[in-house]
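**Q** Please see the structure below; I have some questions.
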Amino acid sequence: MVIDDDKEILNLLSILLKNSGYKSITATNGSTALEYLKKCPAPALILTDYSMPKLNGYQFIEKIASQPQYKDIPVVILTGSEINDLELPSSSNFKGIIQKPFKLNTVLEIVKLLTTKKEKYPAACQV
Numbered sequence: 002m003v004i005d006d007d008k009e010i011l012n013l014l015s016i017l018l019k020n021s022g023y024k025s026i027t028a029t030n031g032s033t034a035l036e037y038l039k040k041c042p043a044p045a046l047i048l049t050d051y052s053m054p055k056l057n058g059y060q061f062i063e064k065i066a067s068q069p070q071y072k073d074i075p076v077v078i079l080t081g082s083e084i085n086d087l088e089l090p091s092s093s094n095f096k097g098i099i100q101k102p103f104k105l106n107t108v109l110e111i112v113k114l115l116t117t118k119k120e121k122y123p124a125a126c127q128v
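The numbering used here numbers the first residue of the sequence shown as 2 and each following residue consecutively.
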């Protein structure tokens, strides 16, 4: 799952994952992502922007970490902000930060490192 309010980044990461053999669903904010999690199989990994409307990346991670069915999904934050300025989640599913602008190879290596299977989503879960 990729969550970012920047549609260019969503498209870029979605294409990168697809071309690398992964299926992904996308959301433009944490609230929408929570709705997808309720109706779709749990993803192997979540890449989420930090600064978003409605529910930011920090709030999103804290919400899913408190729910048993999602607490083990690894989550990586994408951000263009200074890392020292961020309030970082303390939950065990938070695995790290990718600084924007990022290199596509870096993102792909992190995806490979944190996932063991390539997800297949039902058509209803694809955006």
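Glycine included, C-beta positions come from ideal geometry on N, C-alpha and C.
Considering Cα atoms alone, identify which of V3, N94, P54 and D50 is closest to I84.
**A** The residue labelled residue 84 in the question sits at position 83 within the sequence shown. Measuring from the Cα of I84, the nearest candidate turns out to be D50.
**Q** Tell me which same chain residues have a C-beta within less than 6 angstroms of the C-beta of G58, skipping the five on either side of it?
**A** Taking the first residue of the sequence shown as position 1, residue 58 is located at position 57. T49, D50, Y51 and I78.
**Q** On the CB-based measure, 16 or more other CB atoms within 10 Å of its CB, does S25 come out buried or exposed?
**A** Numbered from its first residue, the sequence shown carries residue 25 at position 24. So S25 counts as buried.
**Q** Give me the DSSP bridge partner(s) of F103.
**A** Taking the sequence shown and counting its residues from 1, one reaches residue 103 at position 102. Answer by DSSP bridge pairing: none, since F103 is not bridged.
**Q** With distances taken Cα to Cα, identify the nearest neighbour of L46 among T33, T27 and K8.
**A** Within the sequence shown, numbered from 1, the residue matching residue 46 stands at position 45. Closest option to L46, Cα to Cα, is T27.
**Q** Express the C-alpha separation of T117 and N94 in angstroms, rounding to a whole number.
**A** As a working note, residue 94 is residue 93 in the sequence shown. As a working note, residue 117 is residue 116 in the sequence shown. So the alpha carbons of these two residues sit roughly 15 angstroms apart.
**Q** G81: which of D73, K101, S92 and K64 sits nearest, CA to CA?
**A** Position 80 of the sequence shown, counting from 1, holds the residue named residue 81. The option with the nearest alpha carbon to G81 is K101.
**Q** By DSSP's criteria, G97 is part of a beta bridge. Which residues make up the other side?
**A** Within the sequence shown, residue 97 is the residue found at index 96, counting from 1. Paired residues: V77.
**Q** On the criterion of 16 or more Cβ atoms from any shown chain inside 10 Å, does D73 qualify as buried, or is it exposed?
**A** By one-based count along the sequence shown, residue 73 stands at place 72. Result: exposed.
**Q** According to the neighbour-count rule (16 or more other Cβ atoms, all chains shown, within 10 Å of its Cβ), is L105 buried or exposed?
**A** As a first step, residue 105 is located in the sequence shown; it is residue number 104 there, counting from the start. Burial call: exposed.
**Q** What three-state label does DSSP hand A34 in the structure shown?
**A** Residue 34 sits at position 33 when you count from the first residue of the sequence shown. Note: A34 maps to helix in three-state DSSP.
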